Structures are given as C-alpha cells and as structure tokens.
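Q:
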Amino acid sequence: MNHKERMLAGLPYKAWMDGLAEEQLANKKKIREYNLCPPEEKERIDEIMRSILGKAGSNLNILPPFHCDYGKNIEVGNNFMSNFNCTILDVGKVTIGDNVMFGPNVSIITAGHPIHPDSRNSGYEYGIPITIGDSVWIGANVVVNPGVTIGHNVVVGSGSVVTKDLPDNVIAVGNPCRVLRTITEEDRPYYYKDRKFDVEDY
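So the sequence shown is residues 3 to 204, counted in my numbering.
(1) Does DSSP put SER121 in a helix, a strand or coil?
(2) Are ASN101 and ASN81 touching if we call contact CB-CB under 8 Å?
(3) Is the Cβ-Cβ distance between GLY12 and GLY176 less than 8 Å?
(4) Rounded to whole angstroms, what's the CA-CA distance from GLY59 to ILE50? Just pull it up for me.
(5) Does the structure place the region 187 to 199 close enough to the region 149 to 168 that three or more beta carbon pairs sit under 8 Å?
(6) Identify, in the order they occur along the chain, each residue of the same chain with its Cβ nearer than 7 Å to the Cβ of ASP167, setting aside the five sequence neighbours on each side.
(7) If we require 3 or more residues per run, which beta strand (DSSP E) segments fall completely within the region 86 to 111?
(8) Within 10 Å of its beta-carbon, does LEU91 have 16 or more other beta-carbons around it, so buried, or fewer, so exposed?
(9) In terms of alpha-carbon separation, which member of PRO67, LYS74, ARG46 and ASP196 lies closest to ASN37?
(10) What is the DSSP secondary structure of MET83, counted as helix, strand or coil?
(11) Drop a sphere of 10 angstroms on the beta-carbon of MET210, count the other beta-carbons inside from all chains shown, and report buried for 16 or more, exposed for fewer.
(12) Kindly indicate which three-state DSSP category ILE54 falls into: helix, strand or coil?
(13) What are the residues that DSSP puts in a beta bridge with LEU65?
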C-alpha cells in the first residue's frame, strides 16, 4: 500500500508522501474560501462546504471558522449544525449521524502520533475513525479522541475529553469523559436543569 492507502486503513503513514500534502493544500484553499465567504451568500457557502465534505445530508449549517485536513473523509447526516471554530482532523474517517449539534470550539481528532519519542520522531502518524450517532449534542470545547464511537441521543457536557466509547441515551461529562446518567422520559418536560417548558409544541 502507498501512504494514502495506509492512512485510510488506520496504519502508520507519512503525511507528506504519495500526494497527501497536495490534497491537504487543495483542501486548505477551499477552507480559506469558505471561512472568508460573505455571510449573505448562503448558496455559495453551502456549495463550498459540500465540495469539501465527503458526504452531507440536507440542512447543513457549519458556522465559520471551520478547519479540517482533507474534508473528503467526513460524512454528516441530515440537520447537522456546528457552531463557531470546529476542527475535524479527518486523516481517519469521521461519520456523523442525523440531527447532530456541536457547540463552539469542538475538536474531532482522528489523528495521533506514537508515544515513544524515537517512533514519534520518525515522522509516522496514524488516523483512527470516529463515529457519532444520531441526535447527539456535543457541548462547547469538547475534544473527541481517535477511535471513539458516541452512541445515539447522547449529550456530552462542555469541556469534556472523550477518550472511550459512549453508549446510547446518556449524559457524559468530564476529563476523561464518563457517563453521568441515562436520559429518560422524565427529562422531556425540562429545557434547562429544573426549568420546565412553558409551551406545548416541544
């Protein structure tokens, strides 16, 4: 395998080999255009982002600035919303489901480097895929580390560092991120802590 194939297979690879540097440069140009596009040019904004991502569903809303390595290794479902300053290091595949929301400063990091300094200084790195399920809310300043799978209907509290998989239907918080509790029907009437909805259409 060449180094691009090794990267996509989750094997150690060198990021400047076999056309990878050229692909990153081409993507950086698109990212720059996206981040500097006038906000009133909504159709152009959508067009540029869809040319960056590998796959995107309907109702795509990513607020600039946004940064990623290749873009083509990112797939998002319907109704994806990311707040300001999202970073996705997509040397490994990133798969995001439907109805997912990111707070500001979320980092999705598939990339990593060997622990031992001699191995790390060799220039080899790796990318391990990340999967995020449907109806997930990831709070502000969250970091998701390589290889993590986040289940459906999960809420990740702000400032968390997700180092291990999270099951469906939980609230998880902390560094390292741990499950706080399960989300149940008793949560439905509340919009914030102990504050109940004062409307009927929720």
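Glycine included, each C-beta is placed from N, C-alpha and C at the ideal position.
Here the structure is a predicted model, which means the values were calculated and not measured.
A: Let me spell this out:
(1) SER121 falls in the helix class under three-state DSSP.
(2) yes
(3) By the CB criterion at 8 Å, GLY12 and GLY176 fall outside the cutoff.
(4) Cα to Cα, GLY59 sits roughly 14 Å from ILE50.
(5) Taking 8 Å as the limit for Cβ pairs, the verdict is that the region 187 to 199 does not touch the region 149 to 168.
(6) The answer, listed in chain order, is VAL150 and THR151.
(7) 88 to 91, 96 to 98 and 109 to 111
(8) Buried.
(9) PRO67
(10) MET83 sits in a strand when the DSSP states are folded into three classes.
(11) This structure gives no information on residue 210, because the portion of the chain shown stretches from 3 to 204.
(12) In the structure shown, ILE54 sits in a helix (DSSP, three-state: H, G or I).
(13) For LEU65, which the question treats as bridged, DSSP gives no partner whatsoever.
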